[in-house]
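These notes concern the structure reproduced below.
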């Protein structure tokens, strides 16, 4: 497949209908062989959406990071993972590769950026994910008080 570059404001996800094995690297260092339905890399702005729904952390304004979340990890004595979100510095390069090249596999993962399909058949190659430094202005609370009020009104009842 030709190289595709995409920008995501909220998250990039790699999802499969089966426990597809993926090798995960942080800054070129092997982190884990993941088996589960997928992985999710989210930004601070995406932390209250899909990332939160996947049991990731909500990230406050001003925190410069990206978040790595495992989606439904396989729980087996031979495939133990951390089973918790990882908060990484925003300059971390995350690389995701199929553990093997599955050219004829019908259950290959799909790759999405902010819910938009980028690759319907991620069986070979690799994905490199890194935050982009930007000066984008969002219509979101940027102070802690406003952010807490937004969290309360959106997610907390009672």
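Numbering (the working numbering), first residue to last: 26 to 183.
Just so it is clear, CB atoms sit at the ideal spot from N, CA and C, and this is done for glycine as well.
For residue i: DSSP bridge partner residues
i           : result
residue 38  : 65 and 137
residue 94  : 65
residue 5   : Here the chain covers residues 26 to 183 and nothing more, so residue 5 does not appear.
residue 51  : 54 and 119
residue 142 : 137
Whole-angstrom distance between residue j and residue i, CA atom to CA atom
i           : j           : result
residue 32  : residue 138 : 7 Å
residue 147 : residue 72  : 25 Å
residue 175 : residue 83  : 12 Å
residue 134 : residue 145 : 7 Å
residue 132 : residue 169 : 43 Å
residue 100 : residue 56  : 17 Å
residue 113 : residue 52  : 11 Å
residue 118 : residue 65  : 14 Å
residue 35  : residue 156 : 11 Å
residue 121 : residue 167 : 32 Å
residue 75  : residue 48  : 22 Å
residue 60  : residue 141 : 23 Å
residue 88  : residue 69  : 7 Å
Residue i, enclosing alpha helix (DSSP H) - first and last residue
i           : result
residue 120 : Looking at the DSSP string, residue 120 is not in any alpha helix (DSSP H); the run it does join, the beta strand (DSSP E), is 119-123.
residue 112 : Taken as a continuous stretch (DSSP letters only), residue 112 belongs to no alpha helix (DSSP H), being part of the beta strand (DSSP E) at 111-114.
residue 6   : Past the boundaries of the shown model lies residue 6; the chain is included only from 26 to 183, so the question cannot be answered.
residue 76  : 75-78
Endpoints, beta strand (DSSP E) assigned at residue i
i           : result
residue 153 : 152-154
Test: residue i CB closer than 9 Å to a CB of chain C
i          : result
residue 80 : In the displayed structure, chain C is absent; only one protein chain is listed.
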